[in-house]
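Participant: Before I ask anything, here is the structure I am working with.
2 protein chains.
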Amino acid sequence: MPQTWATLAPDLYLELRGTRRRAGLEQALREAVRSGRLGAGTALPSSRALAQELGLARNTVADAYGQLIAEGWLSARQGSGTRVADRATPAEPAAGVSRPSSARRRSAYDLLPGTPDLASFPRSLWLGAARKALAAARNEEFGYQDPRGLLRLRERLAQYLARVRGVRTTAERIIVCSGFAQALHLLATTLNGQGARVFAVESYGIGLHRDIIRAAGVRTPPLAIDSSGAVIDQLRGLGAGAVLLTPGHQFPLGVSLTAQRRVAALEWARGSGGLVVEDDYDGEFRYDRPPLGALQSLAPDVVAYVGTASKSLAPGLSLAWLVAPSKLVDALVESKRSSGARTGVLEQLTMEEFIRSGAYDRHIRRSRLLYRQRRDLLVARLTERSPGVSVTGMAAGLHAVLALGSGLRGRDEPGIRTRAHRAGLAVQGLAEFRHDPDPEAPAALVVGYGTPPDHAFAGAVEALCDVLG
Amino acid sequence: MPQTWATLAPDLYLELRGTRRRAGLEQALREAVRSGRLGAGTALPSSRALAQELGLARNTVADAYGQLIAEGWLSARQGSGTRVADRATPAEPAAGVSRPSSARRRSAYDLLPGTPDLASFPRSLWLGAARKALAAARNEEFGYQDPRGLLRLRERLAQYLARVRGVRTTAERIIVCSGFAQALHLLATTLNGQGARVFAVESYGIGLHRDIIRAAGVRTPPLAIDSSGAVIDQLRGLGAGAVLLTPGHQFPLGVSLTAQRRVAALEWARGSGGLVVEDDYDGEFRYDRPPLGALQSLAPDVVAYVGTASKSLAPGLSLAWLVAPSKLVDALVESKRSSGARTGVLEQLTMEEFIRSGAYDRHIRRSRLLYRQRRDLLVARLTERSPGVSVTGMAAGLHAVLALGSGLRGRDEPGIRTRAHRAGLAVQGLAEFRHDPDPEAPAALVVGYGTPPDHAFAGAVEALCDVLG
């Protein structure tokens, strides 16, 4: 195995292994930073100087630097060259609404699903958009608003959703919400008000969503999930007024609803007068295929589409958008009015400006690259270090399901989680997302690779491999 | 009556009347601007030059300029001196949640109650606070949060409310809401969940509030209002689980709940296990007396206090705060969680910084002065031009009730409103706030003097006097 040694003035020493020179250089730099040998703020040689010293093409070095900057190991600032990044201490975590926050609080590495990388929230771009939005706002936009939200944002969203997700709507049918959960609450209370008492859900999903539907006085029978997505046939005979689906990327199992099943869902809705609720939580993030358009685009009259900025930007923005069939708009508006809930106009105006200026598209493209690299790294390291574990589901979104194999069952998950927590790693078992408990189901972890800050991600993956063996 | 005439190069001609020189100068400048003789952007002489020309003290002129700047007739920018302000065309109005928006839409002058002066929203101060807040935010503050809102804001509010309103609370008992309406929704659904089916209200109030309580499945029997406030005795025998009061400044009648009635309300709560809900919508705005402390300060265990930034800053911020008795906090948090509603963290962080820096206090002091002047002008002009009309209620808040006299009754109000609308004036009759219709009640208008932008206020008052005769 060829080796290259380099000693660079004043203090850069790298051990390069293997034949893949760029990968070897990246690995050497990572290890030097991880071990602490290269401290935060250490200046690196220019890519030209390092390339010369190592006998590599300059592009190879520049690409390696770029990769490590993307991963958060290095930082580059105009005029001050490339340096070792300031390594923030692991974030002191917030109380999650639907997540095991106590586990998170004690853990150095957070791989819980549901949250994007909060460290990459584009603070200065957002502030810039807020500045423009505040300057351009009309006085009356600071007053009481249409319960649906500011017209200006709804018009922008109608355009955006048509372009990016194929959603067919006008501003009139969009209701700005503070998250998917609020949209679901409005849908459940509205349907209950119209006499529906059954709201079918997928047999794997988020507990809070089931809680919200039930709090509105509506039952939530589950549909099984197979490799084609939710088993739509099981809607027969349930008397459901609605069904909640994640057709683009089942959460958490990660399958996509097939074309046949999509058609079946729409046929069910048309035949029964029921409503399909499409939770498009991560429709922007597809890594190995172009995204399918929203289910709503096939049947805007029977599908309520919900998108959100919680994954594409940050949950804290509290911005989501419900696109409702015409026949439901008035009742939904009345539900929202009766709930007294409103969304701040400054967030709305800023979001509108953020989309208008193209900053939102650019941020999503950047994030897509970032998460794809993380997913690739996760898969590569697991393949290498934990051959008994298989990653299931589409290359999409911010999470992966790791089937643990070795005859492990759902009942073994708590033990694995405890072991992980002792190793400083917050993870979640698949069983926590099941509608009904099944201790005999194969064990799996739901890993959120979006969550850690960049600089902690590689360490989190190694810690995970350590635990999974 | 002495007169002073002034002609100033190049084009400032003023006619000064009366002995009160500053008032005369202000009046002359106002008329020159109102008539259009001095167009938008016209440069005025320096206060020194004008004082010399008119034989006035320089301070007299500077004060008059200051007053007219505060009223929005003039504007001053560093380095470019004093100019006639750009006169925005009357605002194209927004759809109000609980207000007759179609009337507003057609009207040049908006005197509908419920909204502060949106033109004086401190945009650049708010943006400055947002900049600081964004820079200081921890990454995890962009994630999912405690349903009560950010701890940092709740701690700041606990301090602020103790200092300004005497409220006794800790951060743990504060729930950040998007407005009073949401707080009321959470209270009504929580109480309903605990078996309460009756939520007494004042016999005059906001229709939306009654709708929200009823939408939660709870009845709203009304308590009469007399000069001592709500008649608490009428709670006897109602079997109410709660009562909604505006003790500081009854909305809309404008009386304050007397000390005896306050004690009676707390005795009722202690004796029956009921809850007093205190809507402190305008507690910061008292003009002729120091504000009474919040009712909550007497009995934090039986009073739920609700304050809001909707009147002190702008409804569009969608920020309010519910301070709950300990025994209700968990159930309220669960109600909020089940409603899926959240408040954006950037608004919360910015509000925290706005209070911390003192900008909120300063804004309220400025607003108090502004609204007091408006109220004084309204009363003075009505006294002079419409002697049959009397202004009732405390000198407080953002609205006044005009008793129309002349034997006019509630049934005459629609006619008066129509006449006002023809004259380009949006006003609201008292009858619209009554819990139960009473066409024989004396006719009155509820006039929001906070609503118009400064430059339109004097014109709005004159138009109102024209209509009332």
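Listed in order, the protein sequences are those of chains G and X.
The numbering of the first sequence is my numbering, which starts it at 1359 and goes up by one.
The numbering of the second sequence is my numbering, which starts it at 1359 and goes up by one.
The beta-carbon is built from N, C-alpha and C at its ideal position, and this holds for glycine as well.
No experiment lies behind these values; they were computed from the predicted model shown.
(1) Just to make sure I have the definition right: I need the residues of chain G whose C-beta is within less than 7 angstroms of the C-beta of Glu-1790 (chain X). Which are they?
(2) Return the Cβ separation of Leu-1650 (chain G) and Val-1634 (chain G) in integer angstroms, given the expectation that the two are a contact with Cβ distance under 8 angstroms.
(3) Check each residue of the segment 1672-1706 of chain X: if its Cβ is closer than 8 angstroms to any Cβ of chain G, include it; give the result in chain order.
(4) How is Asp-1640 (chain X) classed by DSSP in three states: helix, strand or coil?
(5) Please report how far the alpha carbon of Gln-1592 (chain G) lies from the alpha carbon of Leu-1656 (chain G), in whole angstroms.
(6) Mind checking if Ala-1477 (chain X) is an interface residue toward chain G, Cβ cutoff 8 angstroms exclusive?
(7) Is the CB of Tyr-1502 (chain G) under 8 angstroms away from at least one CB in chain X?
(8) So the candidates are X:Leu-1602, X:Ser-1670, X:Arg-1506; which of them puts its Cα closest to the Cα of Gly-1472 (chain X)?
(9) Counting only beta-carbon atoms, is Asn-1497 (chain X) nearer than 8 angstroms to chain G?
(10) Taking Arg-1792 (chain X) as the reference, give the member of X:Arg-1388, X:Ala-1554, X:Ile-1583 with the closest Cα.
(11) Short of 7 angstroms in beta carbon distance, which residues of its chain neighbour Ala-1494 (chain X), apart from the five on each side in sequence? Order them along the chain.
(12) What three-state label does DSSP hand Asp-1824 (chain G) in the structure shown?
(13) With DSSP collapsed to three states, give me the class of Trp-1484 (chain X).
(14) Taking C-beta pairs closer than 8 angstroms, name the residues in chain X that Pro-1811 (chain G) reaches, listed in chain order.
(15) Determine the DSSP secondary structure at Glu-1798 (chain X), reduced to helix, strand or coil.
(16) CB Val-1825 (chain X) to CB Arg-1777 (chain X), shorter than 8 angstroms?
(17) Report the neighbours of Ile-1570 (chain X) on chain G: residues whose CB is nearer than 7 angstroms to its CB, in chain order.
(18) Three-state secondary structure (DSSP) at Asp-1584 (chain X)?
(19) Using a beta-carbon distance below 8 angstroms, is His-1721 (chain G) in contact with chain X?
(20) How about the segment 1499-1516 of chain G and the segment 1709-1717 of chain G: do they share at least three Cβ pairs that are nearer than 8 angstroms?
(21) Would you list, in chain order, the members of the segment 1734-1751 of chain X that have their beta-carbon closer than 7 angstroms to a beta-carbon of chain G?
(22) Tell me whether Lys-1685 (chain X) is buried or exposed, calling it buried when 16 or more other Cβ atoms sit within 10 Å of its Cβ.
(23) Of the residues X:Ala-1717, X:Val-1525, X:Thr-1547, which one's Cα is nearest the Cα of Glu-1692 (chain X)?
(24) Nearest by alpha-carbon distance to Gln-1608 (chain G): which of G:Trp-1626, G:Gly-1587, G:Ala-1617, G:Gly-1595 is it?
(25) What does Thr-1440 (chain G) pair with, by DSSP beta-bridge criteria?
(26) Any C-beta of chain G within less than 8 angstroms: which residues of the segment 1525-1542 of chain X qualify?
(27) For Leu-1581 (chain G), which residues from the same chain have a beta carbon less than 8 angstroms from its beta carbon, with the 5 sequence-adjacent residues on both sides left out?
(28) Quick one: using the 10 Å Cβ neighbour count with 16 as the cut-off for buried, is Pro-1683 (chain G) buried or exposed?
(29) Thinking C-alpha only, which one of G:Trp-1626, G:Leu-1611, G:Ala-1816 is nearest Asp-1618 (chain G)?
(30) Do you know how far the Cα of Phe-1538 (chain G) is from the Cα of Ser-1456 (chain G)?
(31) Beta carbon of Gln-1540 (chain X): closer than 7 angstroms to some heavy atom of the ligand FMN?
(32) Quick one: complete beta strand (DSSP E) runs, 3+ long, within the segment 1561-1606 of chain G?
(33) If we count the other Cβ atoms within 10 Å of its Cβ and call it buried at 16 or more, is Leu-1740 (chain G) buried or exposed?
(34) Does any residue of chain X have a CB that is nearer than 8 angstroms to the CB of Thr-1473 (chain G)?
(35) Is Leu-1492 (chain G) close to chain X? Criterion is C-beta to C-beta, closer than 8 angstroms.
(36) Say whether chain G places a C-beta atom closer than 8 angstroms to the C-beta of Ala-1623 (chain X).
Facilitator: Here's the rundown:
(1) If you number the second sequence from 1, residue 1790 (chain X) lands on position 432. Residues of chain G passing the Cβ test: none, with the nearest at roughly 16 angstroms.
(2) Taking the first sequence and counting its residues from 1, one reaches residue 1650 (chain G) at position 292. Taking the first sequence and counting its residues from 1, one reaches residue 1634 (chain G) at position 276. That belief does not hold up - the Cβ atoms of Leu-1650 (chain G) and Val-1634 (chain G) are roughly 15 angstroms apart, past 8 angstroms.
(3) Ala-1672, Pro-1673, Gly-1674, Leu-1675, Ser-1676, Leu-1677, Arg-1695, Ser-1696, Ser-1697, Gly-1698, Ala-1699, Arg-1700, Thr-1701, Gly-1702, Val-1703, Leu-1704, Glu-1705
(4) In the second sequence, counting from the first residue as 1, residue 1640 (chain X) sits at position 282. Residue state, collapsed to three classes: coil.
(5) Locating residue 1592 (chain G) in the first sequence gives position 234, where the first residue counts as 1. Locating residue 1656 (chain G) in the first sequence gives position 298, where the first residue counts as 1. Distance between the alpha carbons of Gln-1592 (chain G) and Leu-1656 (chain G): 21 angstroms.
(6) Along the second sequence, read from residue 1 onward, the residue named residue 1477 (chain X) stands at position 119. For Ala-1477 (chain X), the answer is yes, since a Cβ of chain G falls inside 8 angstroms of its Cβ.
(7) Indexing the first sequence from 1 puts residue 1502 (chain G) at position 144. Cβ-Cβ to chain X under 8 angstroms: yes for Tyr-1502 (chain G).
(8) Numbered from 1 along the second sequence, position 114 holds the residue referred to as residue 1472 (chain X). Comparing Cα positions, the closest option is X:Ser-1670.
(9) In the second sequence, the residue the question calls residue 1497 (chain X) occupies position 139. Closer than 8 angstroms to some Cβ of chain G, the Cβ of Asn-1497 (chain X) qualifies, so yes.
(10) For the purposes of this step, residue 1792 (chain X) is identified with residue 434 of the second sequence, where counting begins at 1. Among X:Arg-1388, X:Ala-1554, X:Ile-1583, the Cα nearest to that of Arg-1792 (chain X) is on X:Ile-1583.
(11) Here residue 1494 (chain X) refers to the residue found at position 136 when the second sequence is read from its first residue. No residues qualify anywhere along the chain.
(12) Within the first sequence, numbered from 1, the residue matching residue 1824 (chain G) stands at position 466. Helix.
(13) As a first step, residue 1484 (chain X) is located in the second sequence; it is residue number 126 there, counting from the start. The answer is helix: DSSP assigns Trp-1484 (chain X) an H, G or I state.
(14) Taking the first sequence and counting its residues from 1, one reaches residue 1811 (chain G) at position 453. Think of a sphere of 8 angstroms around the beta carbon of Pro-1811 (chain G): the chain X residues whose beta carbon falls inside it are Asn-1497, in chain order.
(15) Residue numbering aside, residue 1798 (chain X) sits at position 440 when the second sequence is read from its first letter. Of the three classes helix, strand and coil, the one that applies to Glu-1798 (chain X) here is coil, per DSSP.
(16) Within the second sequence, the letter at position 467 stands for residue 1825 (chain X). Within the second sequence, the letter at position 419 stands for residue 1777 (chain X). For Val-1825 (chain X) and Arg-1777 (chain X), yes; Cβs fall inside 8 angstroms.
(17) As a first step, residue 1570 (chain X) must be located in the second sequence, where it is residue number 212. What Ile-1570 (chain X) touches in chain G: Ser-1696, Gly-1698.
(18) Walking along the second sequence from the start, residue 1584 (chain X) turns up at place 226. Per DSSP, reduced to three states, the secondary structure at Asp-1584 (chain X) is strand.
(19) Start at 1 with the first residue of the first sequence, and residue 1721 (chain G) comes out as number 363. Not closer than 8 angstroms to any Cβ of chain X, the Cβ of His-1721 (chain G) fails to qualify, so no.
(20) Verdict: yes, contact present.
(21) For the segment 1734-1751 of chain X, which is checked against every Cβ of chain G, not one residue is closer than 7 angstroms.
(22) Residue numbering aside, residue 1685 (chain X) sits at position 327 when the second sequence is read from its first letter. Exposed, by the Cβ-count rule.
(23) By one-based count along the second sequence, residue 1692 (chain X) stands at place 334. Comparing alpha carbon positions, the residue from X:Ala-1717, X:Val-1525, X:Thr-1547 closest to Glu-1692 (chain X) is X:Thr-1547.
(24) In the first sequence, residue 1608 (chain G) corresponds to position 250, counting from 1. Nearest of G:Trp-1626, G:Gly-1587, G:Ala-1617, G:Gly-1595 to Gln-1608 (chain G), Cα basis: G:Gly-1587.
(25) For the purposes of this step, residue 1440 (chain G) is identified with residue 82 of the first sequence, where counting begins at 1. The partner list for Thr-1440 (chain G) (beta bridge, DSSP) reads G:Ala-1434.
(26) Among the residues of the segment 1525-1542 of chain X, those with a Cβ less than 8 angstroms away from any Cβ of chain G are Cys-1535, Ser-1536, Gly-1537, Phe-1538, Ala-1539, Gln-1540, Ala-1541, Leu-1542, in the order of the chain.
(27) For the purposes of this step, residue 1581 (chain G) is taken as residue 223 along the first sequence, with counting starting at 1. For Leu-1581 (chain G), where only same-chain residues beyond five positions count, the Cβ hits under 8 angstroms are Ala-1558, Val-1559, Glu-1560, Ser-1561, Ala-1588, Val-1589, Ile-1590, Gln-1592, Leu-1593, Val-1601.
(28) Numbered from its first residue, the first sequence carries residue 1683 (chain G) at position 325. Buried.
(29) To locate residue 1618 (chain G), count along the first sequence from 1; it is residue 260. Checking the sequence, you will find Gln at residue 1618 (chain G) rather than Asp. Answer by Cα proximity: G:Trp-1626.
(30) By 1-based counting over the first sequence, the position of residue 1456 (chain G) is 98. By 1-based counting over the first sequence, the position of residue 1538 (chain G) is 180. Note on Ser-1456 (chain G): pLDDT 39, under 50, position unreliable in the model; the coordinate value appears next. Our two residues, Ser-1456 (chain G) and Phe-1538 (chain G), have alpha carbons roughly 13 angstroms apart in a direct line.
(31) The ligand FMN is not among the ligands present in this structure, which contains no ligands whatsoever.
(32) Complete beta strand (DSSP E) runs here, min 3: 1600-1603.
(33) Start at 1 with the first residue of the first sequence, and residue 1740 (chain G) comes out as number 382. So Leu-1740 (chain G) ends up on the buried side.
(34) Counting from 1 along the first sequence, the entry for residue 1473 (chain G) is found at position 115. Taking Cβ atoms only, chain X reaches closer than 8 angstroms to Thr-1473 (chain G), which makes this a yes.
(35) Sequence index remark: in the first sequence, residue 1492 (chain G) carries index 134 (1-based). Output row for Leu-1492 (chain G): interface = yes.
(36) Counting from one through the second sequence, the residue named residue 1623 (chain X) turns up at place 265. Closer than 8 angstroms to the CB of Ala-1623 (chain X) there is not a single CB belonging to chain G.
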